[in-house]
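Numbering (the numbering used here), first residue to last: 199 to 368.
Glycine included, every Cβ here is placed at the ideal spot set by N, Cα and C.
Written below as structure tokens is the structure these notes are about.
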């Protein structure tokens, strides 16, 4: 299937959960297949798929925010009874997946951004979408894309200023 890798990366950066990201990509392809007639030939298929993915994420987020939190007590017991595992030992899969592309400092700064700002940075600077494609994916005006991207880059510049200076950049 085309674009699975980049869509999974985008889904993971939205959800921060490997299984949820896989489900989100799978649901996206199912929905795309169901509504293939709404795809307009000659337009960007990748942007169309990203828009479906983004809308699925928003719909899932809205559903989950209305439901009470669920706790897996077996998982909690596993961590509370473990003596050989440090209490702060957690596996941050997103950090691992982005380490190859960007450094820890940059990854942490990117993850600390609000989802709207993080999304435009990912789509533009990591995935290479144009402003027009991003506007279609996010269903916002192109001016909003530009302003969010500008604000997101400024926030990253503030967060990474001392790091850039320590690396020899002015």
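To the nearest angstrom, how far is it from the Cα of residue i to the Cα of residue j?
| i | j | result |
| --- | --- | --- |
| residue 308 | residue 324 | 11 Å |
| residue 283 | residue 321 | Residue confidence for residue 283 is low, a pLDDT of 45 falling below 50, so the modelled location carries little weight and cannot support an answer. |
| residue 239 | residue 231 | 14 Å |
| residue 326 | residue 345 | 17 Å |
| residue 303 | residue 204 | 22 Å |
| residue 288 | residue 207 | Caution is warranted here: a pLDDT of 45 is assigned to residue 288, below 50, making its placement in the model unreliable, and the coordinate value is therefore given only provisionally. The straight-line gap from Cα to Cα measures roughly 20 Å. |
| residue 219 | residue 200 | 16 Å |
| residue 244 | residue 312 | 24 Å |
| residue 242 | residue 331 | 8 Å |
| residue 154 | residue 343 | Given a span of 199 to 368 for the chain in the structure shown, any question on residue 154 remains unanswerable. |
| residue 350 | residue 364 | 22 Å |
Specify the secondary structure class of residue i as computed by DSSP and reduced to three states.
| i | result |
| --- | --- |
| residue 241 | coil |
| residue 217 | helix |
| residue 248 | helix |
| residue 201 | coil |
| residue 233 | coil |
*Please confirm if the segment 307–319 is in contact with the segment 330–346, defined as three or more CB-CB distances below 8 Å between the two stretches.*
yes
_Can you confirm whether the segment 210–228 touches the segment 242–251 when touching is taken to mean that 3 or more C-beta pairs between the two stretches lie within less than 8 Å?_
yes
*For the segment 295–346, list the alpha helix (DSSP H) runs that are entirely contained and at least 4 residues long, ordered along the chain.*
Within the segment 295–346, the complete alpha helix (DSSP H) segments at least 4 residues long are 302–310, 313–319, 329–336, listed from N- to C-terminus.
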